[in-house]
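*Asks:* Sharing a structure here in C-alpha cells format.
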Amino acid sequence: MTTTTTKPRTRHPYITRKKGTCGGKPIIAGTRIKVSQIAIEYERMGMTPDEIVEAHPHLTLPQIHDALSYYYENVHEINADIRAGEQFVEEMKKLYPRSVLEEKRARAANIYR
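Going by the working numbering, the first residue of the sequence shown is number -17, and it counts up by one from there.
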C-alpha cells in the first residue's frame, strides 16, 4: 500500500480573489493589482521587489513577496493567464492595427499636404 502525502497550502494573507474584480483573478487584497502583473515585473522585466514597491508606492514589500510566493505556488495557472492576455492583445492588434492617436495623426498629416 502506498501513501500519498500532500503538501499543505501556504496561507497568503495579502492575496484574494473576488468574483467580478479583475475577472476573478488573484489580486493583492485592497487593490486591483493582479499577481500576474507582479510576476511579469519580477520575472520578465527583472525588477527587484524593492523596485516594484517604488513603482507601486501604495504597495508594501510584504505584499510583493506574498504575491511572488503565490505566483510560484500557482505558476502554471498564472502563466496561462499571462499567455491568454498576450494572445488577446495580439488579436486586438490584428483587428485594430492603428490606435486612435495614430488615426488622428494620419488625418492631420493629410490635412496639411
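Where is the CB? At the ideal position from N, CA and C, for every residue including glycine.
So, for K(-11): in the same chain, excluding its five sequence neighbours on each side, which residues have a beta-carbon less than 8 angstroms away from its beta-carbon?
*Replies:* Numbered from its first residue, the sequence shown carries residue -11 at position 7. Taking K(-11) as the centre and dropping the five residues before and after it, the same chain places no C-beta closer than 8 angstroms to its C-beta.
*Asks:* K16 bridges to which residues according to DSSP?
*Replies:* In the sequence shown, counting from the first residue as 1, residue 16 sits at position 34. Answer is I9.
*Asks:* Along the chain, where does the alpha helix (DSSP H) containing P44 start, and where does it finish?
*Replies:* Numbered from its first residue, the sequence shown carries residue 44 at position 62. P44 -> alpha helix (DSSP H) spans 43 to 55.
*Asks:* What residue range is occupied by the uninterrupted alpha helix (DSSP H) comprising K86?
*Replies:* Taking the first residue of the sequence shown as position 1, residue 86 is located at position 104. Here the alpha helix (DSSP H) through K86 covers 82 to 93.
*Asks:* When the Cα atoms are used, what is the spatial distance from T3 to S51?
*Replies:* Against the sequence shown, residue 3 aligns to sequence position 21. Against the sequence shown, residue 51 aligns to sequence position 69. T3 and S51: Cα-Cα distance of roughly 21 angstroms.
*Asks:* Are the Cβ atoms of N25 and I34 separated by less than 8 angstroms?
*Replies:* Residue mapping note: residue 25 aligns to position 43 of the sequence shown, counting from 1. Residue mapping note: residue 34 aligns to position 52 of the sequence shown, counting from 1. Reading the sequence as shown, one finds Glu at residue 25 and not Asn. Not a contact, by the Cβ cut-off of 8 angstroms.
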